[in-house]
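What follows is a single structure, written as structure tokens, with notes after it.
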Amino acid sequence: MDYTTLGRTGLRVSVAGLGCGGFSRLGLGTGGDETGAIAIVRGAIELGVNLFDTAAAYGTESVLGKAIKTVPRDQIVICTKAPFRWSTGRADPAGIVASLDESLRQLDLDCIDVYQLHGVAPEHYDHALNELAPVLLREREKGKFRFLGISETAPNDLDHDTLHQAAQDKVWDVCMVGFSMMHQNARTRVFPQTRTHGLGTLLMFAVRNIFSQPGRLAATLKELAEDGQVAADLADDPLGFLIHPGGASSVIDAAYRYVRHEPGVDVVLFGTGKPDHLKTNIDSLLKPPLPEADHRRLGELFGHLVGVGLDAPHLTRAGQVR
Ligand SMILES: NC(=O)c1ccc[n+]([C@@H]2O[C@H](COP(=O)([O-])OP(=O)(O)OC[C@H]3O[C@@H](n4cnc5c(N)ncnc54)[C@H](OP(=O)(O)O)[C@@H]3O)[C@@H](O)[C@H]2O)c1
58 MDYTTLGRTG LRVSVAGLGC GGFSRLGLGT GGDETGAIAI VRGAIELGVN
108 LFDTAAAYGT ESVLGKAIKT VPRDQIVICT KAPFRWSTGR ADPAGIVASL
158 DESLRQLDLD CIDVYQLHGV APEHYDHALN ELAPVLLRER EKGKFRFLGI
208 SETAPNDLDH DTLHQAAQDK VWDVCMVGFS MMHQNARTRV FPQTRTHGLG
258 TLLMFAVRNI FSQPGRLAAT LKELAEDGQV AADLADDPLG FLIHPGGASS
308 VIDAAYRYVR HEPGVDVVLF GTGKPDHLKT NIDSLLKPPL PEADHRRLGE
358 LFGHLVGVGL DAPHLTRAGQ VR
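Under this note's numbering, the final residue of the sequence shown carries the number 379; numbering is consecutive throughout.
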């Protein structure tokens, strides 16, 4: 495993972080059981992963807590998030304390390393900053968590307005941002700010359905070509040019390597319920960057797209392109 520093938190973290949410939820979202989920977490630890991201909404705090029970506390970094309703501006700010306490109980921990607001839309950012953060910072004084974080709602915030602003405010030490081969604009909208202000970054959406579901990539590119957003000849084998000796071994390998080496990215989160995916994803994240010519071509072909490939499984739309 390779390790890096999570921005100004100073935490030493693995460059590969296990996401306990997403579509898999450690396999619990795809028919797996608690024993399998615990095995995924323990398998990740054996491979050197020391950062885990969960949330009240995922239903995996308790299983994560059980899986890390025997690991010395200072060797692991646990990130979790408040329930979504506190990111909508509608819930009583004081009530977030009970949610924080419940996360501590579910995880069976005395202290969370990074406590985050979950998916804060731009229109609710001021509420998060002015109403929620002060309540949470008082709890931090009591030792309930170490660092405050904020995640964006990528499909509803295509230009990263929340994080663009959050990076400049002093209260957030960590942020979670969406970035991928098909949604590259965090390169200009987020990473310059997080690097300047020292926020740690957790990366999400490197691989969503667009790369993991067979046929989804070709269908998306076909729609984009029909819409004049990409060249028509890309639709048949859109990313085939990335796979060659000296290049990527698969589209998913390319997707993880693409985000991993982006300046400003600290930890790449990936979610899985499958032991073989756990291993291959970590292998990809530890490989060198894609060849420079391939990286450049990805920018030329897709750098103008915004919001492509962020969709959830039940949606059929290709994504939103501007
Ligand atoms: N706003 C937020 O705060 C927010 C939003 C989204 C995500 N997140 C965080 O980010 C983490 C990562 O989420 P994500 O949205 O980036 O997506 P993800 O959950 O990592 O999605 C990856 C999908 O691809 C599959 N997959 C993984 N490795 C694969 C491989 N090698 N080959 C084929 N399929 C593979 C997974 O299913 P298998 O089980 O089949 O591997 C999963 O369905 C989440 O767990 C969560 O912690 C946060």
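Where a beta carbon is used, it is the ideal one built from N, C-alpha and C, also for glycine.
Residue i classed as buried or exposed, judged by whether at least 16 other C-beta atoms fall within 10 angstroms
| i | result |
| --- | --- |
| A289 | exposed |
| H301 | exposed |
| E209 | buried |
| P129 | exposed |
| G376 | Its pLDDT being 36, under 50, G376 is placed unreliably by the model, and nothing is read from it. |
| I135 | buried |
| K138 | buried |
| R374 | For R374, the pLDDT reaches just 35, beneath the cut-off of 50, and the residue's location in the model is therefore unreliable, leaving the point undetermined. |
| D149 | exposed |
| P346 | exposed |
| L121 | buried |
| P320 | exposed |
| I125 | buried |
| G35 | Within the shown structure, residues of the chain are numbered from 58 to 379, placing residue 35 beyond reach of any answer. |
| P271 | exposed |
| A194 | It should be noted that the sequence gives Leu, not Ala, for residue 194. Its Cβ having fewer than 16 others within 10 Å, L194 is exposed. |
Range of the contiguous alpha helix (DSSP H) that encloses residue i
| i | result |
| --- | --- |
| T337 | P332 to L342 |
| F268 | N266 to S269 |
| T253 | F248 to H254 |
| I153 | I153 to L164 |
| D351 | E349 to F359 |
Residues of its chain near residue i, where Cβ-Cβ distance is below 7 Å and the 5 sequence neighbours each way are ignored
| i | result |
| --- | --- |
| Q225 | Q250 and H254 |
| G360 | Q241 |
| C168 | G200, K201, F202 and R203 |
| H221 | R246, V247 and Q250 |
Residue interval of the beta strand (DSSP E) (run including residue i)
| i | result |
| --- | --- |
| I207 | F202 to E209 |
| F327 | V324 to G328 |
| R69 | R69 to S71 |
| I125 | From DSSP, I125 is part of no beta strand (DSSP E); its letter is neither H nor E. |
| C136 | V134 to K138 |
| T62 | Y60 to T62 |
Residues near residue i by beta carbon distance below 6 Å, same chain, minus five either side
| i | result |
| --- | --- |
| G79 | G328 |
| E279 | Looking at the sequence provided, one finds Lys at residue 279 rather than Glu. Counting only Cβ-Cβ distances below 6 Å, and skipping sequence neighbours, we find A292. |
| S119 | Q163 |
| L104 | I339 |
| L380 | The chain is shown only over 58 to 379; residue 380 falls outside these bounds and no answer can be derived. |
| D310 | S341 |
Cβ neighbours of residue i in the same chain (closer than 8 Å, five flanking residues each side left out)
| i | result |
| --- | --- |
| V72 | M58, D59, Y60, T61, R317, D323, V324, V325, L342 and L343 |
| Y233 | The amino acid occupying residue 233 in the given sequence is Met; Tyr does not appear at that position. So the qualifying residues of the chain are D110, Q173, G206, I207, S208, E209, T258, L259, L260, M261 and L326. |
| E159 | A113 |
| T219 | V177, A178, P179, Y182, I207, E209 and T210 |
| R273 | N266 and I267 |
**Item:** Length-filtered (4 minimum) alpha helix (DSSP H) runs lying within the region 177-245
**Value:** 190-198 and 218-223, all fully within the region 177-245.
**Asked** Is the region 172-183 touching the region 198-213 in the sense that three or more CB pairs, one from each, lie closer than 8 Å?
**Response** yes
**Message:** Below 8 Å, how does it come out for the region 138-157 and the region 181-189: are there three or more Cβ pairs, yes or no?
**Reply:** The region 138-157, when compared against the region 181-189, does touch it at the 8 Å Cβ threshold.
**Message:** In chain order, what are the residue ranges of uninterrupted alpha helix (DSSP H) at least 4 long that sit wholly in the region 76-123?
**Reply:** 91-103
**Asked** Can you list the alpha helix (DSSP H) stretches of 4 or more residues lying completely in the region 258-322, in chain order?
**Response** 266-269, 273-283 and 308-317, all fully within the region 258-322.
**At least three beta-carbon pairs within less than 8 Å, the region 310-318 to the region 80-99** = no
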